[in-house]
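To convert, note that position 136 of the sequence shown is 118 in the numbering used here; the numbers rise steadily by one, no gaps. Positions of the beta carbon are idealized from the N, C-alpha and C atoms, including for glycine. Comments concern the structure below.
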Amino acid sequence: MYQGRRVAVLIVAAGKGSRMGDGPAKQYREIAGAPVLERTLRAFSSHPFIDDICIVVNKEGREFCNVLVPKAGNGKVRGLVSGGETRQESVRNGLKALEILREEGLLGEEETAKKGKKAEKEAPDLVLIQDGARPFATKDLIDRVLEGTLRTGAAVPVTPVKDTIKYGDGRLVKETLPREKLFAAQTPQGFERLRLSAAMEKARKKNFAATDDASFVEKYGRKVCMVRGDYRNIKITTAEDLPLAEYIAADLDRWQEEMAPLLLKADFVEAEHETVETLPAEDPGIIHMPGPLHEALTGEDVEPEGLFVKPEVPADEPAEPIQKEEPNPAEPGALRPRAGTGFDVHVLVPDRPLILGGVQVPYEKGLLGHSDADVLTHAAMDALLGAAGMGDIGKHFPDTDPAFKGADSIVLLRYVAKLLQRNGFAVSNLDVTLIAQAPKVAPYTAKMRRNLALALQIPEDRVNVKATTTERLGYCGRGEGMAAQATAILLQGEQEILWEEPAFEEAPAPAPMAEPVLKAEEPLPAAEETAPVTEEPAPVPEFEPKKPACFKCRKAEAVPEKPKDFPEEILAPEVRTDAGSTDTGWIELFTD
């Protein structure tokens, strides 16, 4: 679950890989000792916010997946789904399968299945669409896509294009496109499930074809949020991609093998901070990336997410809180306290949301700024950076950089926390004071405190948030603006620098290949009705895949309790299958 939304993933792996040449299809090739599809599946099955996974495959891939799912599915794979003749059809089949599984109560808890379409429109399920041959999606990337999807209803990870792009007919250049406005789209792409399903259904009726899923949402008037992608998140398409994929896989595997013993998973439940509406950009058609680091736009900064460093403690000795240690500051490796203060002020204006500590506070005015103008979080960041001797937020997130237009300050605080950690600092405590005459913020300070603590990955009792007035004196007292001041204490010690970010050198990319334009297919005639299966199924052993379910009768032979019949209008006789196949569409179910 992600902020109360159930999250499903469709891994599209039904391609035949004709551009790869002889041998197995690209998704079944081994990269650094593991099949590509296995790496893709593990990236999502291990993510804490992912609830359900369906893999869209052709008939040849079913046997492979029957072995793969028990090994790498982490109990989250709900079924295999028949692929179509094009990627577009495969995704549509997958969405149809999610609808069927959800209505039959095979996705998640019973109350989730029963909440109904009206309730789902208020809190829509989210779906991520992932290429099966794109095995290097990181947790950090998935987090950014989920955040963008929650904020706008659709999100696509992108990387700025490095090469100059020429437009032409293959013989002569007709135009040189402006590189600063060109981005390469990646997956996973995130959507509200109902929104994507509706867009793809419109596209089918109007014979509109596209090579990525966001294009359907764009086509029918919806905004798609751009979030920072990852240059390592390549799609394996041709044989020339294999050496680079081997290098990336080996590099990631080596980092995990060498650094995993030094990193302990956070022992608190990661919750989500209070989200706010995206602020309007100068161009309403563009929503700027929430990613905090400008250098990351060039792929130079890729950091582990969801992990923090703890001092090593022998198994036979109890761990002591870091505040109780009293080493001699003169000794090598001793923890040294560092103090910093921060101050920020913003003017209040109409028609802006008031964001304080990552919480949208109801008020008639909001703070004006290049980002979301979260004055509380800005003061906290300045205090932390000051204690570390690393400048201020103006240095790291300049208001002259359009990448930070409308940025979420809590996301920027997460980056500051990583920057401190990478340089050997641990946050001991943070105290922030808001200075404002109105509104009353006492009901929201607990949420603000939690948001700051989660962003810094420290316990809440190390963070304090409070507010005061100026007794109607000065610009804050007159309601012209708000100010905040903060004090932070950091601890620095040589033993805290337990890892260095692994270096990554880019291998030369192969010559770009033009993607073929997929032509829309004419709808197939409706299939004949099939008599429903009424026989009682045999018991299914643990982890053994269940027998296929027919899209037309919508009954899985291995489902213990037969669901009630479904209305005729939501059956799926138009679902296509593999080219030349006489099968009906199928879903193959898995037990946990």
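The DSSP-derived three-state label of L338 is strand.
Nearest C-alpha to N56 among L402, D151, H29, V38: H29. Selection A428, Y149, C207, V73 evaluated against V341 yields A428 as nearest (Cα-Cα). Taking the CA atoms as reference points, L83 sits about 15 Å from L108. Only residues of its own chain outside the window of five on either side were considered, and among them L338, V343, L416, A449 have a CB closer than 7 Å to the CB of V423, listed in chain order.
Along the region 172 to 217, the alpha helix (DSSP H) occurs as fully enclosed runs of 4 or more residues at 175 to 187, 196 to 201, listed in sequence order. The beta-bridge partner set that DSSP reports for N405 is empty.
Residue environment analysis places D113 among the buried positions, since at least 16 neighbouring C-beta atoms fall within 10 angstroms of its C-beta.
Excluding five sequence positions before and after P17, the CB atoms of its chain that fall closer than 6 Å to its own CB belong to Y10, given in chain order. Taking all protein chains shown into account, P139 has 16 or more neighbouring C-beta atoms within 10 Å of its C-beta and is therefore buried. In this chain, L436 is not harboured by any beta strand (DSSP E); it is covered by the alpha helix (DSSP H) spanning 427 to 438. In the three-state scheme derived from DSSP, where H, G and I count as helix and E and B as strand, T68 is classed as coil. Its chain contains L(-8), C36, V38, V63 as the residues whose beta carbon lies nearer than 6 Å to that of G76, once the 5 sequence neighbours on both sides are disregarded; these appear in chain order. Exposure of Y149 is indicated by the presence of fewer than 16 other C-beta atoms within 10 angstroms of its C-beta. Looking at the DSSP output, I13 sits in a beta bridge with A16.
Put simply, the backbone Cα of L402 is about 29 Å away from that of I32. Between the alpha carbons of L23 and P117 lies a gap of roughly 8 Å.
Shown here, Y345 sits in coil according to DSSP, grouped into three states, outside any helix or strand.
Considering only R21, C207, G66, the residue with the shortest C-alpha distance to E42 is G66. For N48, the enclosing alpha helix (DSSP H) has its first and last residue at 41 to 54. Residue burial is scored here from C-beta neighbours: P170 has at least 16 other C-beta atoms within 10 angstroms and is therefore classed as buried. The C-beta distance from A468 to D381 rounds to 20 Å, too long to fall under 8 Å, and the pair is not in contact. Of all C-beta pairs linking the region 207 to 226 to the region 126 to 141, three or more are shorter than 8 Å, placing the two stretches in contact.
Under a 10 Å Cβ-count criterion, I147 is classified as exposed, with fewer than 16 other Cβ atoms of the shown protein chains found around its own Cβ.
Around the beta-carbon of T158, fewer than 16 other beta-carbon atoms lie within 10 Å, marking it exposed. K377 counts as exposed, since fewer than 16 other beta carbons sit within 10 angstroms of its beta carbon.
The DSSP assignment places complete beta strand (DSSP E) segments of no fewer than 3 residues inside the region 104 to 129 at 108 to 113, in order along the chain.
A direct Cα-to-Cα measurement between N446 and A362 gives close to 11 Å. With fewer than 16 other CB atoms across the displayed protein chains lying within 10 angstroms of its CB, K184 is exposed. Excluding residues up to 5 positions away in sequence, A181, K184 lie with their Cβ nearer than 6 Å to the Cβ of Y202 in the same chain. Residue range 318 to 332 is occupied by the beta strand (DSSP E) that includes D326, with no alpha helix (DSSP H) assigned at that position.
Residues of the same chain with a CB within less than 6 Å of the CB of G322, apart from the 5 flanking positions on each side, are A365, G368, A369, A470 in chain order. A direct Cα-to-Cα measurement between D333 and G(-3) gives close to 49 Å. Distances from the alpha-carbon of T359 to those of S410, N433, E346, L330 put N433 closest. For G371, there is no enclosing beta strand (DSSP E), as DSSP marks it with neither H nor E. The shortest C-alpha to C-alpha distance from T134 to any of E346, S72, V199, Q474 is the one to V199.
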